[in-house]
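Structure first, commentary second.
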Amino acid sequence: MRMISKQKCSELSIKYKKALKSPDGNPEVESMIGDFDVYSVRSNICVAPEQSIGEPGDSGGPLMSKVGKNNWVQLGVLTRNDCRSKNPTSTEGLFAQYTPIDCEWIAEATDEEVKCQTW
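Counting with our numbering, you get residues 46 to 164 for the letters of the sequence shown.
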């Protein structure tokens, strides 16, 4: 995957939001869809897949990056993706948003039992 700019991510997010309409006009569903806002783009890491796309159920999956020769680090957790393409080798209009790993929150939420490893 390659990182994409916040501007491009915002454009794709707006396009994605417009495509997510409640089939029966349910106001609760419409309200949840309305929560996809510019804040989420500013606070997330946006990437575009290279020759593959996310599938339903991929949420919560890791965004990993190779560091050096044999080390991998987790940068984020999949928040949402646009997996509607019919062509699995096309990246046109596809994107994914990952929530960055918050080491401070992890340590606090686990009473300091779990801490991020620094490189």
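No residue lacks a Cβ here, since even glycine has one placed at the ideal position from N, Cα and C.
Predicted model only: the values in this text are computed from it and were never measured.
Could you tell me which of D147, N115, C161 and T124 sits nearest to D103, measuring between CA atoms? Residue mapping note: residue 103 aligns to position 58 of the sequence shown, counting from 1. Among D147, N115, C161 and T124, the Cα nearest to that of D103 belongs to T124.
Look up V159 in the DSSP assignment and give the residues it is bridged to. As a working mapping, residue 159 is identified with position 114 in the sequence shown. Looking at the DSSP assignment, V159 forms no beta bridge with any residue, so it has no partner.
Where does K111 fall in DSSP's three states? Taking the sequence shown and counting its residues from 1, one reaches residue 111 at position 66. In this structure, DSSP gives K111 an extended state, which the three-state scheme calls strand.
What's the C-alpha gap between E158 and M48? Residue 158 sits at position 113 when you count from the first residue of the sequence shown. Residue 48 sits at position 3 when you count from the first residue of the sequence shown. Straight-line Cα distance between these residues: approximately 32 Å.
Buried or exposed: which applies to Q119, given that a residue is buried once 16 or more other Cβ atoms fall within 10 Å of its Cβ? The count along the sequence shown starts at 1 and reaches residue 119 at position 74. Per the 10 Å Cβ criterion, exposed.
Identify the continuous alpha helix (DSSP H) that holds I151 and give its terminal residues. If you number the sequence shown from 1, residue 151 lands on position 106. Its alpha helix (DSSP H) spans residues C148 to A154.
Could you check the C-alpha separation between S110 and D156 for me, to the nearest Å? Locating residue 110 in the sequence shown gives position 65, where the first residue counts as 1. Locating residue 156 in the sequence shown gives position 111, where the first residue counts as 1. CA-CA distance, S110 to D156, rounds to 27 Å.
Among A154, V122 and E153, the one whose alpha carbon lies nearest that of V92: Taking the sequence shown and counting its residues from 1, the one referred to as residue 92 is at position 47. Cα-wise, what sits closest to V92 is V122.
By the 10 Å Cβ neighbour count, where 16 or more other Cβ atoms means buried, how is C161 classified, buried or exposed? On the sequence shown, position 116 is the one that residue 161 refers to. C161 is exposed by the Cβ-count criterion.
Backbone CA spacing between S50 and E153 [nearest angstrom]: As a position in the sequence shown, residue 50 is number 5, starting the count at 1. As a position in the sequence shown, residue 153 is number 108, starting the count at 1. Counting only the Cα atoms, E153 lies some 31 Å from S50.
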